[in-house]
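Below is one structure, written out as structure tokens, with a few remarks after it.
2 protein chains.
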Amino acid sequence: MERNTQQRRAILAALEVTKRPLSVQEILDIASSDCPGLGIATVYRNVKALLQDEKLSPVELPGGSVLYELPGHHHHHHFSCRKCQKVYDIFDCGLNLHNLVPSGFKLEEHEILLSGVCEACAH
Amino acid sequence: MERNTQQRRAILAALEVTKRPLSVQEILDIASSDCPGLGIATVYRNVKALLQDEKLSPVELPGGSVLYELPGHHHHHHFSCRKCQKVYDIFDCGLNLHNLVPSGFKLEEHEILLSGVCEACAH
DNA sequence: ATACTAATGATAATAGCTTCTCATTATCAA
DNA sequence: TTGATAATGAGAAGCTATTATCATTAGTAT
Numbered sequence: 001m002e003r004n005t006q007q008r009r010a011i012l013a014a015l016e017v018t019k020r021p022l023s024v025q026e027i028l029d030i031a032s033s034d035c036p037g038l039g040i041a042t043v044y045r046n047v048k049a050l051l052q053d054e055k056l057s058p059v060e061l062p063g064g065s066v067l068y069e070l071p072g073h074h075h076h077h078h079f080s081c082r083k084c085q086k087v088y089d090i091f092d093c094g095l096n097l098h099n100l101v102p103s104g105f106k107l108e109e110h111e112i113l114l115s116g117v118c119e120a121c122a123h
Numbered sequence: 124m125e126r127n128t129q130q131r132r133a134i135l136a137a138l139e140v141t142k143r144p145l146s147v148q149e150i151l152d153i154a155s156s157d158c159p160g161l162g163i164a165t166v167y168r169n170v171k172a173l174l175q176d177e178k179l180s181p182v183e184l185p186g187g188s189v190l191y192e193l194p195g196h197h198h199h200h201h202f203s204c205r206k207c208q209k210v211y212d213i214f215d216c217g218l219n220l221h222n223l224v225p226s227g228f229k230l231e232e233h234e235i236l237l238s239g240v241c242e243a244c245a246h
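So the sequence lines, in the order shown, correspond to chains A and B.
In case it helps, the working numbering puts the first sequence at residues 1 to 123.
In case it helps, the working numbering puts the second sequence at residues 124 to 246.
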């Protein structure tokens with residue numbers, strides 16, 4: 001059976017309170033204030049379990065880092081700050097790219113990654 | 124001084140012939156037919172040097188893999204095949220996303236990554 | 001052709017991140 | 001409460017990608 005531990009509650013609380021995608025290390029740092037002594041292995045274990053239960057969504061960034069956020073949002077994009085490395089959710093999606101970022105944010109670059117099946121593999 | 128070795132020629136030839144972004148491992152595999160015995164360390168060394176000389180451009184994918192392609196193209200996007208994992212260049216960019224992919228290709232997903240400076244860091 | 005030395009190939013070492021191990025702790029059904 | 005055991009923390013181990021080491025090879029100026 002699955003136990004409702006202090007550690008798991010602190011991890012979920014960190015994600016709920018922060019409202020943006022977090023790395024494993026960020027989850028550890030934030031949840032540690034609720035739960036002193038929290039170990040990195042426990043964060044990894046819980047993140048893995050939460051992903052399998054679909055209580056957490058991965059956000060994969062170019063460069064290799066993976067962040068996690070609570071699911072339930074509909075389609076949205078992400079804004080990555082060049083200076084602080086934080087990643088913010090962007091909900092509006094009219095594809096006028098400059099309108100996507102919140103006021104005060106400066107959009108400098110964007111990347112579009114398309115995926116699907118290429119011609120050679122379509123058969 | 125910089126020497127024009129058989130290995131470097133084979134590495135550049137692999138990128139010229141293939142006309143799509145390649146991973147270090149793919150470069151090794153393809154260039155090995157021109158240059159049997161080619162070592163992975165040599166590919167890393169040459170890729171690093173070519174990047175510094177801006178004779179090669181990195182293509183960073185969500186999930187962490189980094190591919191390399193010859194520069195000189197103007198702004199373009201990439202199409203990643205779900206089945207064969209190959210990445211193709213997409214040159215047309217009208218932002219009608221379905222028009223971006225070549226005929227015969229099936230567009231299933233796209234990701235947009237915006238980046239810049241967030242409000243908190245703008246000051 | 002020769003000498004100098006940059007570049008190479010094989011492999012050891014490193015780095016960063018993630019998972020495993022295991023003794024201990026804490027949750028929860030009864 | 002208590003007993004069974006899932007979950008934890010600490011650190012070892014594993015993994016993957018990249019870089020360093022070093023004896024040997026090969027490009028280049030002469």
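The C-beta atom is built at its ideal place from N, Cα and C for all residues, glycine as well.
Source: prediction; values computed, not measured.
**Asked** Do the region 126–145 of chain B and the region 165–181 of chain B meet, that is, are 3 or more Cβ pairs less than 8 Å apart?
**Response** yes
**Asked** So is residue 129 of chain B buried or exposed if we call it buried at 16+ other beta carbons inside 10 Å?
**Response** Counting from one through the second sequence, the residue named residue 129 of chain B turns up at place 6. With fewer than 16 Cβ atoms within 10 Å of its Cβ, residue 129 of chain B is classed as exposed.
**Item:** Reference residue 183 of chain B, options B/195, B/177, B/146, closest by Cα
**Value:** Taking the second sequence and counting its residues from 1, one reaches residue 183 of chain B at position 60. It is B/146.
**Prompt:** Going by C-alpha distance, which of A/38, A/26, A/37 is nearest residue 69 of chain A?
**Reply:** Residue mapping note: residue 69 of chain A aligns to position 69 of the first sequence, counting from 1. Out of A/38, A/26, A/37, A/26 has the C-alpha closest to the C-alpha of residue 69 of chain A.
**Asked** What span of residues does the beta strand (DSSP E) with residue 146 of chain B cover, start to end?
**Response** For the purposes of this step, residue 146 of chain B is taken as residue 23 along the second sequence, with counting starting at 1. Element bounds for residue 146 of chain B: n/a, residue is neither H nor E.
**Request:** Could you confirm whether any beta carbon from chain A is found closer than 7 Å to the beta carbon of residue 187 of chain B?
**Result:** By 1-based counting over the second sequence, the position of residue 187 of chain B is 64. Chain A contact via Cβ: present.
**Asked** Can you name, in chain order, every residue of its own chain whose Cβ lies under 7 Å from the Cβ of residue 58 of chain A, other than the five neighbours on each side?
**Response** Stepping through the first sequence from its first residue, residue 58 of chain A is reached at position 58. If we look at residue 58 of chain A and ignore the five residues flanking it on each side, its Cβ neighbours are 51, 66, 68.
**Through-space distance from residue 194 of chain B to residue 143 of chain B, alpha-carbon basis** = By one-based count along the second sequence, residue 143 of chain B stands at place 20. By one-based count along the second sequence, residue 194 of chain B stands at place 71. Residue 143 of chain B and residue 194 of chain B: Cα-Cα distance of roughly 11 Å.
**Message:** Considering only DSSP beta bridges, list what residue 57 of chain A is partnered with.
**Reply:** Stepping through the first sequence from its first residue, residue 57 of chain A is reached at position 57. In the DSSP output, where bridge partners are listed per residue, residue 57 of chain A has A/69.
**Prompt:** Roughly how many whole angstroms lie between the Cα atoms of residue 38 of chain A and residue 2 of chain A?
**Reply:** Within the first sequence, residue 38 of chain A is the residue found at index 38, counting from 1. Within the first sequence, residue 2 of chain A is the residue found at index 2, counting from 1. Distance between the alpha carbons of residue 38 of chain A and residue 2 of chain A is about 19 Å.
**Message:** Could you give the first and the last residue of the continuous alpha helix (DSSP H) run that contains residue 137 of chain A?
**Reply:** Here chain A comprises residues numbered 1 to 123, so residue 137 of chain A is not present and cannot be evaluated.
**Prompt:** What are the start and end residues of the alpha helix (DSSP H) that includes residue 141 of chain B?
**Reply:** Indexing the second sequence from 1 puts residue 141 of chain B at position 18. First-last of the alpha helix (DSSP H) with residue 141 of chain B: 129–141.
**Prompt:** Beta carbon of residue 151 of chain B, beta carbon of residue 163 of chain B: below 7 Å?
**Reply:** Residue numbering aside, residue 151 of chain B sits at position 28 when the second sequence is read from its first letter. Residue numbering aside, residue 163 of chain B sits at position 40 when the second sequence is read from its first letter. Closer than 7 Å, so yes.
**Prompt:** CA-CA distance, residue 141 of chain B and residue 156 of chain B?
**Reply:** Within the second sequence, residue 141 of chain B is the residue found at index 18, counting from 1. Within the second sequence, residue 156 of chain B is the residue found at index 33, counting from 1. Their backbone Cα atoms lie some 13 Å apart in a straight line.
**Request:** Go through its chain and collect everything with a Cβ distance to residue 8 of chain A's Cβ below 7 Å, but skip five positions before and after it.
**Result:** As a first step, residue 8 of chain A must be located in the first sequence, where it is residue number 8. Only 46 meet the Cβ criterion.
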